[in-house]
Amino acid sequence: MTLNNEEDLLRLKEIGRICANALQTMGEALEPGITTAELDAIGRKVLEEAGARSAPELCYQFPGATCISVNEEIAHGIPGNRVIKAGDLVNIDVSAEKDGIFADTGASFPVPPVTAAIDRLCRDGKRAMWVGLKQVRPDQPLAAIGNAIGDFARKNRYSLVTNLASHGIGRSLHEEPTEIATWPDPRERRRMTDGMVFTVEPFLSMGAQWAEGGNDDWTLYSDPRAPTVQYEHTVVVTRGGPLVVTLPG
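Residues 1 to 249, numbered by UniProt numbering, are exactly what the sequence shown covers, in order.
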């Protein structure tokens, strides 16, 4: 999606804020003893009360309103009867549609008490995302995002999962520009244009380099098994720099 009018921008900001509010509310409710299904129901309520529809359900018939991945699961975890425990690392990914416009956001949450290394991983996961976001501006190579995140990961002795990419978003959940690497990719030759809309969502890990499927059609696991975090915003390319639309408010 490339924005070319104020009305579409306002609609994008609205659905971005709704997704961010759902993510924030779910994060605040996260505690030992809650099930991932109960957590998902909280997110669904926020979306529905704001007039939004779950994008995974709408687009892919995903069995939940949000994706909730715990520990060894790193993406597309199905909400269910899994009970959250102290020490867990939980990723929540919220994407939704309203008035024909989509937004997508996500974050990883440590459930205390956790080790200092996990706290640092979460802090650095957010930093990695912002390192990528700061590269967003017109006529900048899309590869700049992955190159900057790759430098950050290497300097801080992390790995990056290299088969889960950022993506264009707007009039559908996944659209052009597709497969935006959040790791160094020498094959990337595209450039950002004014008004372009996409996500920035690196998967920063303490050793994993790949996401592999499990026993269901959805859940992805770290390979090799290692603590992994994901933080994600939807952003618009503007001449003033990145315009992040998935902020709560």
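For glycine and all other residues, C-beta sits at the position ideal for the given N, C-alpha and C.
Every value quoted in this text rests on a predicted model; they were computed, and no experiment measured them.
### Query
What is the DSSP secondary structure of D93, reduced to helix, strand or coil?
Strand at D93.
### Task
With DSSP as the reference, label D223 as helix, strand or coil.
Strand.
### Contact check, E188 vs G106, beta carbons under 8 Å
Not closer than 8 Å, so no.
### Task
Drop a sphere of 10 angstroms on the beta-carbon of R82, count the other beta-carbons inside from all chains shown, and report buried for 16 or more, exposed for fewer.
The residue in question, R82, is buried, as its Cβ has 16 or more Cβ neighbours within 10 Å.
### Query
Between N147 and the rest of its own chain, which residues show a CB-CB distance below 7 Å, the 5 nearest in sequence each way excluded?
These residues qualify, in order along the chain: P184.
#### Entry: Cutoff 7 Å; reference A165; Cβ partners in own chain excluding five residues on either side
Around A165: E179, I180, A181 and T182.
### Query
If you check the beta carbons only, do L121 and H233 fall under 8 Å apart?
Against a cut-off of 8 Å, the Cβ pair of H233 and L121 comes out as no contact.
### Query
Quick one: is P32 buried, meaning 16 or more other Cβ sit within 10 Å of its Cβ, or exposed?
Exposed, by the Cβ-count rule.
### Query
Is it true that the stretch 159–174 meets the stretch 197–217, where meeting means three or more beta-carbon pairs spaced less than 8 Å apart?
In short, these stretches touch, since the Cβ pair count reaches three.
### Query
Where does the unbroken beta strand (DSSP E) through V244 begin, and where does it stop?
For V244, the enclosing beta strand (DSSP E) stretches over residues G241 to V244.
### Query
Considering only C-alpha positions, which residue in the set T66, A153, E57 and D194 is nearest to V136?
V136 has its Cα closest to that of D194, out of T66, A153, E57 and D194.
### Task
Identify every run of the alpha helix (DSSP H) within the stretch 11–93, keeping only runs that are complete inside it and at least 4 residues long; order them along the chain.
Taking only runs of at least 4 residues, the alpha helix (DSSP H) segments lying wholly in the stretch 11–93 are 36–49 and 55–60.
### Task
Could you spell out where the alpha helix (DSSP H) holding V131 opens and where it closes?
Here the alpha helix (DSSP H) through V131 covers A116 to L133.
#### Entry: Inter-residue Cα distance where the pair is R225 and A208
Taking the CA atoms as reference points, R225 sits about 6 Å from A208.
#### Entry: Candidates N71, P79, F102 and R191, of which the one nearest D139 by Cα
Selected option, being the one with the closest Cα: R191.
### Task
Reducing DSSP to helix, strand and coil, say where R154 ends up.
In the structure shown, R154 falls within a helical segment according to DSSP collapsed to helix, strand and coil.
### Task
Could you round the C-beta distance between A211 and L204 to whole angstroms and report it? I think they count as a contact, below 8 Å.
In this structure, A211 and L204 do not form a Cβ contact; the two beta carbons are roughly 13 Å apart against a cut-off of 8 Å.
### Query
What three-state label does DSSP hand L9 in the structure shown?
L9 sits in a helix when the DSSP states are folded into three classes.
### Message
Beta-carbon within less than 7 Å of A37's beta-carbon, same chain only, minus the 5 sequence neighbours each way: which residues are those?
### Response
Around A37: P79, G80 and N81.
### Message
Quick check on the burial criterion: 16 or more other C-beta atoms within 10 angstroms. Buried or exposed for K155?
### Response
Taking a 10 Å sphere around the C-beta of K155, we find fewer than 16 other C-beta atoms and assign the residue as exposed.
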